[in-house]
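Structure first, then comments.
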Amino acid sequence: MRVLSGNQPSGALHLGNWFGAIRQFLALQEEHTCFFFIASYHALTSQRDPAIVRENIRDVAASYLALGLDPARSVLFDQSDLPEHHEIAWFLTCLTPVGMLQRAHSYKDKVARGLDASHGLFAYPVLMAADILAYDADLVPVGKDQKQHVEIARDLATRVNNEWGDLLRLPEPYTLDESAVVPGIDGEKMSKSYDNTIGLFLPPKALKKRVMSIVTDSTPVEDPKDPAKDTVFALYRLFASPAEAEEMARRYREGGYGYGDAKKALLEKVEALVGPAREKRDDWLARPDDLEDVLADGARRAREVARPVLERLRTAVGFPARPRG
Ligand code: ADP
Ligand code: TRP
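What the sequence shown shows, in the numbering used here, is residues 106 to 430, in sequence order.
Take a look at the structure:
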């Protein structure tokens, strides 16, 4: 199976991203050929500062490598190296009913939240469809909010195949397990839009401060506590083995165990995950040439797949086969 997913380079990754998405992407690379790309063109729908764009692209690449993406096994590339996606997007655009895009939830939500309704924002499901169809992807791991876009890609592939012949593979969404919605430090869903995240790459001191500031009720240390109602426990449980979680739950119920103690135990777990990754990320960022080499190699391997798909389409729509530079 060929797996493909893209990530918008937009700000620091957090524990919600890890449990809800990244950890599951990395498991897929054990069994499948995976293409992971940095959705740089998509980022321009909301980010206009070139310095931030550049920095965020490097940040995603270094973060994914540090967390375990293996560039020998998976293809990691930057979308901005593959203008082929745009040419494919145009063929799709010409078969896209406007109403289909008007029904896209993500567009409607973003406009409702005050983002400018640019043509780019409106049309981005078509570019996303091209991102997927360019690689003959079978599976596209995405969160719930992006599932409709994968359905759009499937619909557009069908339209192309009906119009121009059997050219494109129909992708399936691979729904990430979001049953465990990771709570933020205020107990609401962790999200960068709510400023309640625990960042994966915070320096140790800032990480400690963030964990210590998780909101709890004011039950005194000596009193019994209900683990099911507490955010610290909910986060701890994500990291812990069932036996460890049961042990902490027992201490909560018994009394004499404070939220401060639970926070310390949680911090140890978070640090065990992010400590080694933090070092690896710093190491990648200190070697920008090596990072560029990984992305250049990724772009070359991505092009080997996307080019033939593009050529297939160009021929099918009736474009003459002249040598192109
Ligand atoms: P944010 O809400 O911080 O903007 P994104 O929408 O960029 O996060 O999410 C990227 C991926 O991480 C998605 O697949 C999403 O489902 C997952 N994710 C984000 N926050 C959480 C969370 N609190 N719990 C579980 N998964 C999450
Ligand atoms: N639109 C996705 C997001 O906002 C990112 C993305 C772009 C993507 N192209 C993709 C995801 C192709 C999967 C496949 O998160």
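Every residue gets a Cβ at the ideal spot worked out from N, C-alpha and C, and that includes glycine.
Excluding the 5 residues flanking residue i on each side, which residues of the same chain have their C-beta closer than 8 Å to its C-beta?
| i | result |
| --- | --- |
| Glu277 | Asp243, Leu244, Val245, Val255 and Arg259 |
| Ala234 | Ala194, Leu197, His254, Ile257, Ala258, Leu261 and Ala262 |
| His147 | Gly111, Gln113, Gln184, Tyr229, Leu232 and Met233 |
| Val158 | Pro114, Ser145, Ala148, Leu149 and Gln152 |
| Glu293 | Tyr299 and Asn301 |
| His191 | Tyr146, Leu232 and Ala235 |
| Gly270 | Ala421 |
Does the Cβ of residue i lie closer than 8 Å to at least one heavy atom of the ligand TRP?
| i | result |
| --- | --- |
| Leu232 | yes |
| His137 | no |
| Ile162 | no |
| Ile257 | no |
| Ser185 | no |
| Val245 | yes |
| Ala144 | yes |
| Ile237 | yes |
| Tyr279 | no |
| His147 | yes |
| Gly111 | yes |
Nearest-angstrom Cα distance between residue i and residue j?
| i | j | result |
| --- | --- | --- |
| Pro114 | Ala311 | 22 Å |
| Leu281 | Leu120 | 15 Å |
| Phe130 | Ser298 | 23 Å |
| Ala171 | Ala350 | 27 Å |
| Asp457 | Arg406 | A question about residue 457 goes unanswered here, because the residues of the chain that appear run from 106 up to 430. |
| Ala370 | Arg417 | 56 Å |
| Glu189 | Ala239 | 8 Å |
| Cys139 | Gly430 | 29 Å |
| Leu273 | Arg392 | 39 Å |
| Val337 | Arg264 | 49 Å |
| Arg178 | Ala217 | 40 Å |
| Ala421 | Asn301 | 50 Å |
| Ala167 | Arg386 | 5 Å |
| Val399 | Arg419 | 30 Å |
| Ala367 | Thr321 | 11 Å |
| Glu268 | Val414 | 16 Å |
| Tyr279 | Ala339 | 26 Å |
| Pro176 | Phe141 | 10 Å |
| Met106 | Val410 | 14 Å |
| Arg383 | Val203 | 44 Å |
| Leu307 | Asp388 | 15 Å |
| Ile237 | Val316 | 38 Å |
| Glu376 | Gln207 | 44 Å |
| Gly116 | Ile127 | 15 Å |
| Ala333 | Lys314 | 23 Å |
| Leu275 | Val247 | 16 Å |
| Arg412 | Arg342 | 46 Å |
| Pro428 | Pro288 | 55 Å |
| Pro347 | Ala209 | 40 Å |
| Asp402 | Asp154 | 27 Å |
| Ile303 | Pro425 | 54 Å |
| Asn122 | Gly423 | 43 Å |
| Ser323 | Ile162 | 42 Å |
| Gly365 | Tyr357 | 12 Å |
Suppose the cutoff is 7 Å on Cβ atoms and the five residues either side in sequence are ignored; what does the same chain contact list for residue i look like?
| i | result |
| --- | --- |
| Glu359 | Pro329 |
| Asp250 | Ser211 |
| Ser318 | Ile290 |
| Lys215 | Leu226 |
| Val165 | Asn112, Pro114 and Ile143 |
| Leu372 | Lys313 and Val316 |
| Asn266 | Leu272 and Leu273 |
| Lys252 | Pro278 and Thr280 |
Cutting at 6 Å between CB atoms, please list the residues of its own chain near residue i, excluding the five before and the five after it.
| i | result |
| --- | --- |
| Val231 | Ala194, Leu197, Thr198 and Thr201 |
| Ala404 | Phe182 and Asp186 |
| Phe344 | Lys374 |
| Val326 | Gly363 |
| Leu390 | Ala167 |
| Gln134 | Arg178 and Ser179 |
| Val108 | Leu133, His137, Cys139 and Leu244 |
| Leu118 | Ser168 and Leu305 |
| Val286 | Lys294 |
| Ser296 | none |
Taking only heavy atoms of the ligand ADP into account, decide whether any of them is closer than 8 Å to the Cβ of residue i.
| i | result |
| --- | --- |
| Asn122 | yes |
| Asp387 | no |
| Lys252 | no |
| Thr150 | no |
| Thr336 | no |
Along the chain, which unbroken stretches of the alpha helix (DSSP H) at least 4 residues long are found entirely within the stretch 127-200?
128-133, 145-148, 155-172 and 189-198
Can you confirm whether the stretch 181-192 touches the stretch 204-224 when touching is taken to mean that 3 or more C-beta pairs between the two stretches lie within less than 8 Å?
no
Those runs of the beta strand (DSSP E) which lie wholly inside the stretch 258-306 and span at least 3 residues
277-280
Which full runs of the alpha helix (DSSP H) of 4+ residues lie inside the stretch 342-402, going along the chain?
347-359 and 364-390
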